[in-house]
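For reference, the structure discussed in these notes is given below.
2 protein chains.
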Amino acid sequence: MSKKDDILKAAITLFADRGFQDASMTEVAKMSGVSGATVFYHFKSKEALFLIALETVKDGIIQEFDQYLSEHDFESGLELAEGIISFYLYLAGTMEEWFLLLHSHYPYKLALVNEECRSHLEKIYNSLVDIFERAVALGREDGSISAGDSRKTALVIFSMVDGVVRFKIYNLYDTGALFNELINSCRKILKYKM
Amino acid sequence: MSKKDDILKAAITLFADRGFQDASMTEVAKMSGVSGATVFYHFKSKEALFLIALETVKDGIIQEFDQYLSEHDFESGLELAEGIISFYLYLAGTMEEWFLLLHSHYPYKLALVNEECRSHLEKIYNSLVDIFERAVALGREDGSISAGDSRKTALVIFSMVDGVVRFKIYNLYDTGALFNELINSCRKILKYKM
DNA sequence: AAAAACTGACTGACCAATCAGTAGAGGTGG
DNA sequence: CCACCTCTACTGATTGGTCAGTCAGTTTTT
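Following this line, the structure appears as structure tokens:
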């Protein structure tokens, strides 16, 4: 692996662990075994490094979901939705860094003034909500789901799952203990009609 | 209002807006119209100021919910649950600062090494989940709710609502557009039995 | 030899925290 | 009434340290 990759990997870890402001470029350099100046040779500024870190996380998340969906078959839209939730929780466990970065405040503040940042965030959330929405739409066709508006239902389910992930990565509650309850709640939202 | 209160108020705004590390004591001083040294006269360190800001938010949230619950009557446990959700979203709109502070990474990192911080966070979340849990338990008694485990159901509902609040304060999606969907989803989770 | 990768030493800006000292309110003795 | 004292609130100036970013020059690769 090239030194540039080492730096990027260290940056993701540190930005996730400490947040943008509290992660110093000196630390990134130390963690990746290069001198401070080398970091600036490969990345023109701290903000630029953060944006590339965010882009890497974006690509990682999207690629992982693509792979998961291509490797599994689902009997119904409802089963697909449950699979996505399970995989989201699994990924948040194995790739905790990605979700810590995604739950930190900085990218959302930067997105207000930086179009590239906004674009990365939109891509991530749109991709994830799209996946849920496709499951809902599919389930409505095959009869396994009877919820109303696909997009809004997908958004609420996503915010529920992401809320549980947040509790997990901030050490508030254990996701494992809530997994069954989460899947059950999701089924109820999707199966029933008010 | 005393200068100490001015400082605390400015600190809450700045910590919420920029996070702990990016909010400087000089800025807090400037915003509250005192000299830099005065901030340290009233609060012994930046961390101590943050802890008091968090405590103030804790007291504010708990007091607001106490008042809301004492001023309203509810026909059933289900109606109470819906009222709590509505009020949570309302409060996140009017007191956005509180929820920004509560969604920032720093307090959860500090909680790992600082007991006082951990205690504040636990108090906030336990109070909120308790309120939901009481609604679920009440609804099971009066027949308006048929969900399983009260605590776990309360946790999932809370994480769903808090997830939507996060989308709102991070400018990802508009809470208003999701309100009806959220209430509907909550009803489904609470009313039906798998 | 030329280009790319890399580094040590440095700079200016900023920041948390300190400290010596000022201003004024309130109390006390003469 | 005043002279003196004390305590709280407050401040300007300073300090030691950290940080992002630069640059001139060295090493490695092609």
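Residue numbers (this note's numbering), protein chains in the order written: chain F, 945 to 1138; chain B, 945 to 1138.
Beta carbons are placed, not taken as given, at the ideal position from N, Cα and C, and that holds for glycine.
Which of the three DSSP states is assigned to residue i in this structure?
i: H1016 of chain F; result: coil
i: H1049 of chain B; result: coil
i: Q1011 of chain B; result: helix
i: S946 of chain B; result: coil
i: N1070 of chain B; result: helix
i: D966 of chain B; result: coil
i: F987 of chain B; result: coil
i: Y885 of chain B; result: The question about residue 885 of chain B has no answer here: the residues shown for chain B are numbered 945 through 1138.
i: M1039 of chain B; result: coil
i: K1137 of chain F; result: coil
i: I1101 of chain B; result: helix
i: A1091 of chain F; result: coil
i: S1063 of chain F; result: helix
i: S979 of chain F; result: coil
i: N1124 of chain B; result: helix
i: L995 of chain B; result: helix
Between the options, which lies nearest to residue i when the distance is taken from Cα to Cα?
i: V983 of chain B; options: B:R962, B:Q965, B:D949 and B:T1038; result: B:D949
i: G1037 of chain F; options: F:S968, F:F1111 and F:L1072; result: F:F1111
i: I1068 of chain F; options: F:K974, F:V1057, F:L1082 and F:L1045; result: F:L1045
i: L1065 of chain B; options: B:L1033, B:L998, B:S1129 and B:F1018; result: B:L998
i: N1070 of chain B; options: F:G1083, F:L1116, F:S1088 and F:N1070; result: F:L1116
i: F959 of chain B; options: B:I1113, B:F1123 and B:S1048; result: B:S1048
i: L993 of chain B; options: B:L1022, B:G963 and B:E1015; result: B:G963
i: L1082 of chain B; options: B:L1056, B:A981 and B:E1023; result: B:E1023
i: V1108 of chain B; options: B:C1130, B:K947 and B:G1087; result: B:C1130
i: K974 of chain B; options: B:E991, B:S989 and B:L952; result: B:L952
i: D1003 of chain F; options: F:E1019, F:D961 and F:M1039; result: F:M1039
i: I1127 of chain B; options: F:V1100, F:S989, F:D1074 and F:G1027; result: F:V1100
From residue i to residue j, what distance separates their C-alpha atoms?
i: F1076 of chain F; j: K1132 of chain F; result: 15 angstroms
i: R1095 of chain F; j: S1063 of chain B; result: 38 angstroms
i: F1102 of chain B; j: L1072 of chain B; result: 8 angstroms
i: L995 of chain F; j: F987 of chain B; result: 36 angstroms
i: R1084 of chain F; j: Y1052 of chain B; result: 40 angstroms
i: A1025 of chain F; j: D1017 of chain F; result: 12 angstroms
i: V1001 of chain B; j: M1138 of chain B; result: 38 angstroms
i: G980 of chain F; j: A955 of chain F; result: 13 angstroms
i: E1125 of chain F; j: Y985 of chain F; result: 49 angstroms
i: S976 of chain B; j: E1041 of chain B; result: 17 angstroms
i: L1054 of chain F; j: G1021 of chain B; result: 42 angstroms
i: D1086 of chain B; j: D1010 of chain B; result: 22 angstroms
i: V978 of chain B; j: S946 of chain B; result: 11 angstroms
i: E1060 of chain F; j: E991 of chain F; result: 11 angstroms
i: Y1136 of chain F; j: N1058 of chain B; result: 45 angstroms
i: L1056 of chain B; j: D961 of chain F; result: 13 angstroms
i: E1015 of chain F; j: A1079 of chain F; result: 16 angstroms
i: E1019 of chain B; j: T957 of chain F; result: 50 angstroms
i: D1074 of chain F; j: A1121 of chain B; result: 17 angstroms
i: D1093 of chain B; j: S989 of chain B; result: 43 angstroms
Can you round the beta-carbon distance between residue i and residue j to whole angstroms, since I take them to be within the 8 angstroms contact cut?
i: F1031 of chain F; j: Y1012 of chain F; result: 5 angstroms
i: L1134 of chain B; j: A1091 of chain B; result: 5 angstroms
i: Q965 of chain F; j: Q965 of chain B; result: 4 angstroms
i: V1105 of chain B; j: I1029 of chain B; result: 5 angstroms
i: F1123 of chain B; j: L1035 of chain B; result: Contact flag wrong, Cβ pair sits at about 14 angstroms.
i: F1043 of chain F; j: I1089 of chain F; result: So it is not a contact: roughly 26 angstroms between Cβ atoms.
**Message:** For the pair the stretch 1117-1125 of chain F and the stretch 955-973 of chain B, tell me if three or more CB-CB distances fall below 8 angstroms.
**Reply:** no
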